Amino acid sequence: MDSREKVIHTPASELVIDEPANIIEEQEVVDELYIIEDKAVIFFVLSKSELEKLRRELGSSYRYETDYLFNNFTRQSKSFNKLLSKHNIQSKLISNKKILIKLKNGQTVGFNRIREDQIMGEIISDGIQDPIIEFGMFRNKELISIIEKYFQIENLGFMEEEKIPIQIPAEEKMNLDSVDLVIEPDSLETDI
Numbered sequence: 002m003d004s005r006e007k008v009i010h011t012p013a014s015e016l017v018i019d020e021p022a023n024i025i026e027e028q029e030v031v032d033e034l035y036i037i038e039d040k041a042v043i044f045f046v047l048s049k050s051e052l053e054k055l056r057r058e059l060g061s062s063y064r065y066e067t068d069y070l071f072n073n074f075t076r077q078s079k080s081f082n083k084l085l086s087k088h089n090i091q092s093k094l095i096s097n098k099k100i101l102i103k104l105k106n107g108q109t110v111g112f113n114r115i116r117e118d119q120i121m122g123e124i125i126s127d128g129i130q131d132p133i134i135e136f137g138m139f140r141n142k143e144l145i146s147i148i149e150k151y152f153q154i155e156n157l158g159f160m161e162e163e164k165i166p167i168q169i170p171a172e173e174k175m176n177l178d179s180v181d182l183v184i185e186p187d188s189l190e191t192d193i
C-alpha cells in the first residue's frame, strides 16, 4: 500500500470562484468595487479571464504550477468559509479589482488589486480596527493564528495542516515517471 498522498490536478478553468453576477461569457465584466462593512475574511484572487491571460503569458510549462496554486487557494478559502461561519464572520472568495473597507467610525480603507499588482491574498476586517491586507497564500496554521489574534478568538477551530509537495510531479509535462515527496509542515526548518 502506497502511503504517499496523490495530488489531484484540476484545470484552472474549472475552479469555482464566487465572481460578481454581471459576467458576460465572451467579454467578462467584473464589478470594480466590493464593499466590506462587517466582520469578514475576504479572499481575493484573479478573475477567470485574468487567470487565463496569466496562464497564456506564463506558457504551458507553468500550467501545472499555476493550476496547483489557484486550486489550493480556492480550497483554502472554502475551508475557512466553513470555519469562520461558526464565529459569525463573513468569508468569501472574490475577484473584484477594487475593495473598499468601511469602518464603523466613518473611515474607509481602499485597496486596488490591479494597482498593487496582486494575484491573490486576504483581507481581514472587523469594521472597528484597521484591517489587515495580506498578499499571497498562508499555510492554514499561520492564517488561523492571524485570524484568532485579530478577532481575539481563543480557538477558531480545527483545520488539517496541508501537506506540501517538495517536487511537483512532472509526468504531465515530460511524460516521465516522477516521485511525489511530501513533508509535514512542522518538519520544515524555514518558511517556504
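The numbering of the sequence shown is this note's numbering, which starts it at 2 and goes up by one.
Ideal placement from N, C-alpha and C gives every residue a C-beta, glycine not left out.
No experiment lies behind these values; they were computed from the predicted model shown.
Rounded to whole angstroms, the separation of the alpha carbons of S50 and I95 is 13 Å. One thing to note: K83 has its Cβ no nearer than 8 Å to the Cβ of F152. With a beta-carbon spacing of about 15 Å, E123 and F71 fall beyond the 8 Å limit used to define contacts. With fewer than 16 other Cβ atoms from the protein chains shown falling within 10 Å of its own Cβ, L34 counts as exposed.
With 16 or more other CB atoms across the displayed protein chains lying within 10 angstroms of its CB, F81 is buried.
Counting only residues of its own chain and dropping the five nearest sequence neighbours on each side, S78 has a CB closer than 6 Å to the CB of F44, L94.
In this chain, the beta strand (DSSP E) harbouring S92 covers 91-95. Judged by DSSP secondary structure, K150 falls outside any beta strand (DSSP E) and instead within the alpha helix (DSSP H) spanning 141-152. When DSSP states are grouped into helix, strand and coil, K103 belongs to the strand group. Note on geometry: alpha-carbon atoms of E163 and I100 lie some 29 Å from one another.
By the CB criterion at 8 Å, N73 and M138 fall inside the cutoff. DSSP, reduced to helix, strand and coil, places F112 within a strand of the structure shown. Between I37 and K103, the CB-CB gap stays under 8 Å.
Annotation: the continuous beta strand (DSSP E) that includes E123 extends over 121-126. Annotation: Y63 is outside any beta strand (DSSP E) and is labelled neither H nor E by DSSP. When DSSP states are grouped into helix, strand and coil, E135 belongs to the strand group. CA-CA distance, S92 to V42, rounds to 5 Å. DSSP places F44 in the strand class (E or B) of the three-state scheme.
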